[in-house]
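*Asks:*
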Amino acid sequence: MIDRRAFLKAGVLSAGAAATMANLPFSQVAHAGGGNPAGPFPLPPEDWQWFRQTFVTLEGRVVDTGNGGISHSEGQGYGMLLAAAAGARADFNRIWQWTHANLMVRQDGLVAWKWVPEGTDKAVGKVTDQNNATDGDILIAWALLRAGKRWNDRSFLTAATAMATAVRSNMIRRVEDHSILLPGHVGFERPNGLVANLSYWVFPALLAFQDWEQHRDWSDLVSGGLALLAHSRFSRWQLPADWVLVDPGMKVGMAEGFPPRFGFDAIRVPLYLTWAGYKDPWYLDPYVSLVQAQKERPGLAATVDLTTGEPSAMGASPGAMAVYGLVSRAMKSAYRAPPTENNSSEDYYSASLRLLSKVAAQENGL
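This note's numbering puts the sequence shown at residues 68 to 433.
1. Whose C-alpha, out of ALA263, SER222 and ASP244, is nearest the C-alpha of MET238?
2. Which residue's Cα is closest to the Cα of ALA383: LEU373, ARG396 and ALA404?
3. Exposed or buried, which one is VAL199 when buried takes at least 16 other CB atoms within 10 Å?
4. Using the Cα positions of VAL133 and GLY344, report the straight-line distance between them to the nearest angstrom.
5. Check for me: the beta strand (DSSP E) holding ASP414 runs from which residue to which?
6. Excluding five sequence neighbours on each side, which residues of the same chain lie with their C-beta closer than 6 Å to the C-beta of GLN95?
7. By alpha-carbon positions, which one of SER424, PRO378 and SER379 ends up nearest to GLY392?
8. Would a C-beta distance cut-off of 8 Å place SER236 and GLY291 closer than the cut-off?
9. Give the straight-line distance between the Cα atoms of ASN410 and ASN259, rounded to the nearest whole angstrom.
10. Could you check the C-alpha separation between LEU351 and VAL172 for me, to the nearest Å?
11. Looking only at C-alpha atoms, which of ASP131, VAL123 and ALA153 sits nearest to TRP115?
12. Could you compute how far the alpha carbon of LEU373 sits from the alpha carbon of ALA308?
13. For the region 240-257 and the region 214-232, state whether three or more C-beta atom pairs, one from each stretch, are separated by less than 8 Å.
14. Under 8 Å, Cβ to Cβ, is there at least one residue of chain C near ASP314?
15. Roughly how many angstroms separate the alpha carbons of SER419 and GLN143, rounded to a whole number?
16. Looking only at its own chain, which residues have a Cβ that is under 6 Å from the Cβ of GLU185, when we skip the five neighbours before and after it?
17. Find out if the Cβ-Cβ distance for the pair ARG221, ASP158 is shorter than 8 Å.
18. So PRO353 packs on LEU306, CB below 8 Å; how close in whole Å?
19. What are the residues that DSSP puts in a beta bridge with GLU430?
20. For ALA97, which residues in the same chain have their Cβ closer than 6 Å to its Cβ, ignoring the five residues on either side in sequence?
21. So what's GLU377 in DSSP terms, helix, strand or just coil?
22. Answer yes or no: do SER266 and VAL336 have a C-beta to C-beta separation smaller than 8 Å?
23. Looking only at its chain, what residues have a beta carbon closer than 6 Å to the beta carbon of THR370, apart from the 5 residues adjacent to it on each side?
24. Report the option in ALA275, PRO271, PRO250 and TRP279 whose CA atom is closest to the CA atom of ASP332.
25. Could you spell out the range, first to last residue, of the beta strand (DSSP E) harbouring SER246?
26. Across which residues does DSSP place ILE239 in a beta bridge pair?
27. Quick check for students: name the residue ranges of the alpha helix (DSSP H) that lie wholly in the region 283-327, counting only runs of 4 or more.
28. Tell me the residue span of the beta strand (DSSP E) that contains VAL183.
29. Only counting the same chain, and skipping five residues up and downstream in sequence, which positions put a Cβ closer than 7 Å to that of GLY366?
30. Quick check on the burial criterion: 16 or more other C-beta atoms within 10 angstroms. Buried or exposed for LYS362?
31. Return the chain-ordered list of same chain residues with a C-beta closer than 7 Å to the C-beta of PHE108, the five sequence neighbours on each side being excluded.
32. Please state whether the Cβ-Cβ distance between SER299 and VAL289 is less than 8 Å.
33. Pop quiz: LEU340 and LEU110 are said to be a contact at Cβ under 8 Å. What is the actual Cβ separation, rounded to whole angstroms?
34. Between the alpha carbons of THR187 and GLU126, how many angstroms are there, rounded?
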C-alpha cells in the first residue's frame, strides 16, 4: 500500500494528488452507499419501532430530545435512513412528507435546517433559521435515493436527484485543486478561508450519488474530503477537529469561534468512512489508538481537547461507543462496544449514531 504519510510530509505531492492516491488503492469493499435493494433490511424492526416511538411524532417530525425538542434537517435525514433500513415504508413516507411540507421553504432546492416547536402540544412551530445544513441535505437526498431503489418509487428518485443536484450546484467550493463542502449557504466563507466540518462528508452517500448521477463533482468531493482529512490531524492523537478553517493555500487549522476539540461532530467521520467500506489504517488507526489508550478507564471519553490532547472526563454516549466498536471491528481490533438496550433515557443523537452504526455494520458484513 502506498505510504501517503511520507509523500505528504516530504511535500512531494500536492494534497490533491495525495488524496487521489489515498482514494484509489483504499482497502474498500463494494461500497454500501446505496444499500442492497434486493437484500434483507439491515435494521431489525424492533429497533426502528423503538426509535419511532421515542423520537418521531405522529406527524413525522423527528425530535432532538437533547436539544430542546427542536427538529432539523439532520434528524429528518437520519429518521428517513433508519425507516428505510427497517423497511418501514409508511413511516418513511410520513417523515418525508413532514420534511417536505415544513423544511423545504428555500428557493434553491436545499432544506432549511432548524424548526422550533411552539405551544403546549409542540405540534405546531416554525422554521427559525432558513440557512441550510449541508449534511442534512445530503442525508435526506441519500435516504430518498435508497428508498427509491428499494421500493422502485420514481417520486423518491426524482426528489433525491433534485436535492443532490442542488447540493453540488450550490455547496461546493474549490480551494487549490480540491473540492470543499460548505456546511451551510451563509456564514462559512471568511476573508481568511472556508470553515468546514469534516463530518458533513457523508462518504457512503457521496459514493452513492456518484453511482447514480455519474457526475464528476461527487468523486471530486470525495477526494477533496480525503485530502482535508489528511491535513486535519491534530494533537498526539492525530484526530480531526469538529470545525476547521481551510485557507486559500489548503492549509488547515482549527476554526476560531468553535471549541478546539474532537467531539460530537467529528465522531461521525469514522462512522461514514467505515460505512463507505474504507479500511485504510492511515485514516482509521487514530480512532483505534484512542480507544486502546483508554482501556483502563471505566468508559471512553466523549471528546478530546486538541490543544492539550487530553480526553474529557465526560463519558462517551452509547452511540459514540457504537461508532468506536464499528471501526474496531473493521480494523480487527479487540474493542467491542458494551451491549446497549433501547432505552428511553438515551437521547436522539446517541440513538441515531448507535442504530446507524448497526446498519453500517450489517451492510459491510462486520
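The C-beta atom is built at its ideal place from N, Cα and C for all residues, glycine as well.
*Replies:* According to the structure data:
1. Here residue 238 refers to the residue found at position 171 when the sequence shown is read from its first residue. Nearest C-alpha to MET238: ALA263.
2. As a first step, residue 383 must be located in the sequence shown, where it is residue number 316. The shortest Cα separation from ALA383 among LEU373, ARG396 and ALA404 belongs to ALA404.
3. The residue given as residue 199 occupies position 132 in the sequence shown. Residue identity differs from the one stated: residue 199 is Asn in this sequence, not Val. Burial call: buried.
4. Within the sequence shown, residue 133 is the residue found at index 66, counting from 1. Within the sequence shown, residue 344 is the residue found at index 277, counting from 1. Here residue 133 turns out to be Gly, not Val, going by the sequence shown. Whole-angstrom Cα-Cα distance: 30 Å.
5. Against the sequence shown, residue 414 aligns to sequence position 347. Taken as a continuous stretch (DSSP letters only), ASP414 belongs to no beta strand (DSSP E), as it is neither H nor E.
6. Locating residue 95 in the sequence shown gives position 28, where the first residue counts as 1. For GLN95, the predicted model reports a pLDDT of 42, less than 50, meaning its position is unreliable; a value from the coordinates is still stated below. Cβ within range, chain order: GLY344 and TYR345.
7. For the purposes of this step, residue 392 is taken as the residue at position 325 of the sequence shown. If we check each option's Cα against that of GLY392, SER424 comes out closest.
8. Sequence index remark: in the sequence shown, residue 236 carries index 169 (1-based). Sequence index remark: in the sequence shown, residue 291 carries index 224 (1-based). Going by C-beta atoms, SER236 is not nearer than 8 Å to GLY291.
9. One-based indexing of the sequence shown puts residue 410 at position 343. One-based indexing of the sequence shown puts residue 259 at position 192. The straight-line gap from Cα to Cα measures roughly 45 Å.
10. Translated into the one-based positions of the sequence shown, residue 351 becomes position 284. Translated into the one-based positions of the sequence shown, residue 172 becomes position 105. Straight-line Cα distance between these residues: approximately 38 Å.
11. The sequence position of residue 115 within the sequence shown is 48, counting from 1. Comparing Cα-Cα distances from TRP115 to each of ASP131, VAL123 and ALA153, the minimum goes to ALA153.
12. In the sequence shown, the residue the question calls residue 373 occupies position 306. In the sequence shown, the residue the question calls residue 308 occupies position 241. Cα to Cα, the separation comes out at about 7 Å.
13. no
14. This model lacks chain C altogether; it includes just one protein chain.
15. Along the sequence shown, read from residue 1 onward, the residue named residue 419 stands at position 352. Along the sequence shown, read from residue 1 onward, the residue named residue 143 stands at position 76. Spanning the two alpha carbons is a distance of roughly 11 Å.
16. Within the sequence shown, the letter at position 118 stands for residue 185. Once the five neighbours on either side are set aside, the close Cβ partners of GLU185 are VAL191 and GLY192.
17. Looking up residue 221 in the sequence shown gives position 154. Looking up residue 158 in the sequence shown gives position 91. Result no, Cβ atoms of ARG221 and ASP158 do not sit closer than 8 Å.
18. Translated into positions along the sequence shown, residue 353 becomes position 286. Translated into positions along the sequence shown, residue 306 becomes position 239. Correct: roughly 5 Å between the Cβ atoms.
19. Along the sequence shown, one-based indexing puts residue 430 at 363. Beta-bridge pairing links GLU430 to no other residue.
20. Taking the first residue of the sequence shown as 1, we reach residue 97 at position 30. Unreliable positioning characterises ALA97 in this predicted model, as indicated by a pLDDT of 43, which lies under 50. A coordinate reading is not provided.
21. In the sequence shown, residue 377 corresponds to position 310, counting from 1. Coil, per DSSP.
22. As a position in the sequence shown, residue 266 is number 199, starting the count at 1. As a position in the sequence shown, residue 336 is number 269, starting the count at 1. Closer than 8 Å, so yes.
23. In the sequence shown, counting from the first residue as 1, residue 370 sits at position 303. These residues qualify, in order along the chain: ARG328, GLY330 and SER379.
24. Translated into positions along the sequence shown, residue 332 becomes position 265. The option with the nearest alpha carbon to ASP332 is PRO250.
25. The residue you call residue 246 lines up with position 179 of the sequence shown. SER246 -> beta strand (DSSP E) spans 245-248.
26. As a working mapping, residue 239 is identified with position 172 in the sequence shown. Note: ILE239 sits in a beta bridge opposite LEU248.
27. 283-298
28. For the purposes of this step, residue 183 is taken as residue 116 along the sequence shown, with counting starting at 1. Looking at the DSSP string, the run of the beta strand (DSSP E) that includes VAL183 is 179-185.
29. Reading the sequence shown from its first residue, position 299 is the one you call residue 366. GLY382 and ALA383.
30. Within the sequence shown, the letter at position 295 stands for residue 362. Under this definition LYS362 is an exposed residue.
31. As a working note, residue 108 is residue 41 in the sequence shown. Correct list, in chain order: ALA152, ALA153 and GLY154.
32. Position 232 of the sequence shown, counting from 1, holds the residue named residue 299. Position 222 of the sequence shown, counting from 1, holds the residue named residue 289. Cβ atoms of SER299 and VAL289: not closer than 8 Å.
33. Against the sequence shown, residue 340 aligns to sequence position 273. Against the sequence shown, residue 110 aligns to sequence position 43. Not a contact, Cβ separation roughly 20 Å.
34. Reading the sequence shown from its first residue, position 120 is the one you call residue 187. Reading the sequence shown from its first residue, position 59 is the one you call residue 126. In a straight line, the C-alpha of THR187 is about 16 Å away from that of GLU126.
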